[in-house]
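This report concerns only the one structure given below.
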Amino acid sequence: MVDFLTAEILARAQFAFTVAFHIIFPAFTIGLASYLAVLEGLWLKTGNDNYLVAFRYWLKIFAVAFGMGVVSGLVMSYQFGTNWSVFSDKAGPVIGPLLGYEVLSAFFLEAGFLGIMLFGMERVGRRLHYVATLMVAFGTLFSAFWILSVNSWMQTPTGYAFNEVGQFVPIDWWAVVFNPSFPYRLVHMVLAAYLTTAFVVGGVGAWHLLKDKTNKPARIMFSMALWMAAFVAPIQIFAGDLHGLNTLEHQPRKVAAMEGHYETGTRVPLILFGWPDDDAEKTKYALEIPGMASLILKHDIDGEIQGLKDWPKDERPPTAIVFWAFRIMVAIGFLMVGLGVWSLCARFIGSLYDQVLLKKAAVVMGPMGFVAVLAGWVVTEVGRQPYTVYGLLKTADSLSPIAAPAVATSLAVFAVVYFVVFGAGTLYILKLMARTPDNASSGPESGKPQRAAGTTPIAAYDTEKQETKNV
Amino acid sequence: MFDLPLIWSFLIATAILIYVILDGFDLGLGILFPFLETHEDRDTAMNSVAPVWDGNETWLILGGGGLFATFPLAYALLMPALYVPILAMLFGLIFRGVAFEFRWRDPAHRHFWDFAFTTGSITATFSQGIALGAFIQGVDVDGRAYAGGWWDWLTPFSMLTGLALIAGYALLGSTWLVMKTEGRLGEKAVRYARVTGVATVAFIAIISGATLSLDPRFMATWLSWPAILYTAPVPFAVALAGFMLWRFLSAKMDYRPFLTAIALFVLCFIGLGISLFPYIVPLEVTIWDAAAPDESLLFLLVGTAVLLPIILGYTAYAYWVFRGKMKPGEGYH
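Those protein sequence lines, which keep their order, are chains U and Z. In case it helps, our numbering puts the first sequence at residues 44 to 514. In case it helps, our numbering puts the second sequence at residues 1208 to 1540.
Right under this line is the structure:
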């Protein structure tokens, strides 16, 4: 039993655990930063204070989520070296500069303008404050650009050669950055972040509308989120399909695991549900639609699709995890489309804010984006196993020369620290979300120094001044 | 053609120096936190760095990320060697980072988050100091891999550098407070700056001596003729800076003590550079052996040349926006 807990397994568990925690926050803050920019822009353009109330409401939540994203991301950037030093030495020359560009173009931009965005309205005025908000939003998008370029290169490496000491050496940066799977992955992830945020915003809006359906800022949140669901969720399914076809071209092993196919063949059925068993090399209890997988993947019912048996056993990903994570992601995607269509119908008959069931459904769907993002991430990362750089560098050969007890101890401390810290953070975010979005509750509490690190509404904007100006 | 590894070693060292100075003063506030007894003083101290600490910490990511990008071999050798201090630093930074948010969000547990802020700051600082000491004393290397154990970093020398950095960051933090606050808190800060200033200069002297005794090559670098002509001004400059710091504090100057404290750090960095050049893993691997291929170095250099001045520009702007003295209870609104 203890033999099973090798340094490799422990290091993988540690990376999976820390990255799973981390990915939650960028997925949320990428979308939220853009949303804040839209809200502030609408407020500046229309002068409608309800946009400002919504802006301040989400700004506080953004500050807490962003802080947690920064500290959990800091951990990731050092883990390459501590647990995966051989990978760092070999792949560093290619992916290091991309991560360097992420720091230079994204992190500094976000961190540099965050202070102004949170505290600076009084000091720099509205116009420059809006510039700061936009810079933070751009920063999150630049960050997504580079990090997905790195991740995609590890999935579909191009533009490299090997040098005499076995390092990957870049020979064509254009090919490295814009590697074959990068555009698909970037679009899929940014849309996922936008949808995740939209469903959180919509869920919170719906929650408050259930209590008071006349609340204006809550209506804004609810309505904007459902427009997003109605139009972007279908686009996401389309983008996901293109991404899948790209994966089939470059990582057929991963697609075989996603589909639960062990046998190569034509007229391959689409397995809706089942239990992939890697030892028996077949998917048990399968519920199938004949020929459908060939039709979807090859757009030809007689198309040939490779099964996992085409590769040696030690070069296949763990099938069941990939298979199930993929189904969870797709199911949530279709639920999102469903809610979007429902909202369009409700809008059409003029009862968007009246249907209690719709609002309740939106509340339930609120956190689903996170589940989908995590599931999608499992598909793409576990599906890449047993490689860190697909087909070229095995995970087992990427590890630091570090003893298992060291990795075990640090993993245990990570678990405790993360649950305390991020548990507390999630609790605070939920508390903030429980407050009704209106001027009174999102304004400053009197009698206290309300200057939270990044969360004071009055710091972002002084209401009284604006009201006098509007009058 | 340019000597790209040389340029990059200079840039990475600069990024780390900027990190040490910038995060140094806000970590220093965490170290001083237990001595700022009232909530009001603590709030003022925290508010004085709240808008900028995020940017300060980003330089640490640049230092680590830059080392990974440009000297991957050094990164791969040093990180496993410094496994425990690096992770301890990260845990410390997690707690102090979220404390900035949480102590405001959750007044019921403010004592806990204040404690987390202090402990996190001290842990992070002590770990960074230990990592520095372990780095200077060198690590076991076999081929392209770290060959030592995971407790090799633990020596009297690394403990000493750990304590020294606590004193040094506390000095940066207290001189920052001298600059940013006035009244009772400002006067308190002057007292802390005196104590930590004396401690810092004493630590610099002790560690300099201890470093020379680590390896005869360090001794040769500093004390052989005619090298001594170039190296001797450094300790004199340190002594002068220490003297000026005391004078500025006595004369109740606002920002000069902070600048002098920064000067002490810059001088130590120069001293470190003289000792270690051209090694990036001390006395084992040179910057040219550890460097990534020129294609990688050049690709990142082009972007850095464009982006770094812009970053310095808006960082300076952010500091400018939040310039001036803090008053108790007053925030930036």
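Glycine residues also receive a C-beta, built at the ideal position from the N, C-alpha and C atoms. All values derive from a computational prediction rather than experimental measurement.
Between U:V174 and U:W196, the beta carbon gap of about 33 Å keeps them out of contact (Cβ cut-off 8 Å). Taking the Cα of U:A76 as reference, the smallest distance to any Cα among U:G90, U:G248, U:P136 and U:L184 is reached at U:L184. Positions of the alpha helix (DSSP H) runs, each at least 4 residues long and wholly inside the region 125-193 of chain U, are given as 128-145 and 151-162 in order along the chain.
Against chain U, the CB of Z:M1286 has a partner CB under 8 Å away; the residue lies at that interface. Within chain U, the residues placing a beta-carbon under 8 Å from that of Z:V1305 are G110, M111, V114, V464, A467 and G468, ordered along the chain. With fewer than 16 other Cβ atoms inside 10 Å of its own Cβ, U:G90 counts as exposed. The CB of Z:Y1282 comes closer than 7 Å to the CB of G124, S131 and G135 in chain U, given here in chain order.
In this structure U:T240 is not in contact with U:G468, their Cβ atoms being roughly 17 Å apart against a cut-off of 8 Å. Every beta strand (DSSP E) of 3 residues or more that sits fully in the region 311-359 of chain U is shown, in chain order, as 313-320 and 325-332. Restricted to the region 1447-1490 of chain Z, the beta strand (DSSP E) segments that are unbroken, complete and at least 3 residues in length are 1486-1488, listed in chain order. Taking Z:F1240 as the centre and dropping the five residues before and after it, the same chain places the C-beta of R1249, A1252, D1321, F1324, T1325 and S1328 closer than 8 Å to its C-beta, in chain order. If you look at U:T201, you'll find it isn't in any beta strand (DSSP E); DSSP assigns it neither H nor E.
With respect to the C-alpha of U:P355, the residue from U:P429, U:H286 and U:A404 having the closest C-alpha is U:P429.
When secondary structure is reduced to three states using DSSP, U:P448 falls in the helix class. For the set U:A451, U:S443, U:L435 and U:S441, the Cα lying nearest the Cα of U:Q198 is the one of U:L435.
Contact between the region 253-261 of chain U and the region 287-306 of chain U is absent, with fewer than three C-beta pairs closer than 8 Å.
The CB of Z:S1216 never comes closer than 8 Å to any CB in chain U; the least such distance is about 15 Å.
The straight-line gap separating the alpha-carbon atoms of Z:V1408 and U:N194 is approximately 46 Å.
Taking a cut-off of 8 Å on C-beta distances, the region 96-113 of chain U does not touch the region 202-210 of chain U, as fewer than three cross pairs fall below it. Contact annotation: U:G158 and Z:D1349 have beta-carbon atoms that are not nearer than 8 Å. Around U:L234, the same chain offers V275, I278, Q279 and A282 as residues with beta carbons nearer than 7 Å, after the five sequence neighbours per side are excluded. Contacts between Z:Y1353 and chain U, judged by CB atoms closer than 9 Å, involve S128, S443, P444 and I445 in chain order. Three or more beta-carbon pairs separated by less than 8 Å link the region 1466-1483 of chain Z to the region 1372-1384 of chain Z, which places the two stretches in contact.
Taking the Cα positions, U:V416 is about 7 Å away from U:M372.
Nearest in C-alpha terms to U:V456, of all of Z:G1299, Z:L1285 and Z:G1237, is Z:G1299.
Distances from the CA of Z:A1458 to each of Z:T1330, Z:A1499 and Z:V1397 were compared; the closest alpha carbon is that of Z:V1397.
When Cβ pairs closer than 8 Å are counted between the two stretches, the region 345-354 of chain U is seen not to touch the region 363-382 of chain U, the count staying below three.
Residues of the region 1477-1492 of chain Z with a C-beta atom less than 8 Å from some C-beta of chain U do not occur. Taking 8 Å as the threshold, the shortest C-beta distance from U:W189 to chain Z does not fall below it.
Scanning chain Z for C-beta atoms nearer than 8 Å to the C-beta of U:P213 yields P1500, E1502, S1503 and F1506, reported in chain order. In the three-state reduction of the DSSP assignment, Z:A1352 falls in the strand class, which pools E and B.
Per the DSSP secondary-structure output, U:K437 pairs in a beta bridge with U:Y430. Beta-bridge partners assigned by DSSP to Z:V1441: none are found. Across the structure, U:S266 and U:F391 are spaced so that their CA atoms are roughly 13 Å apart. In terms of Cα proximity to U:G248, the closest of U:M408, U:D440, U:Y471 and U:V459 is U:M408.
Within chain Z, G1272, F1275 and A1276 have C-beta atoms less than 8 Å from the C-beta of U:L142, given in sequence order.
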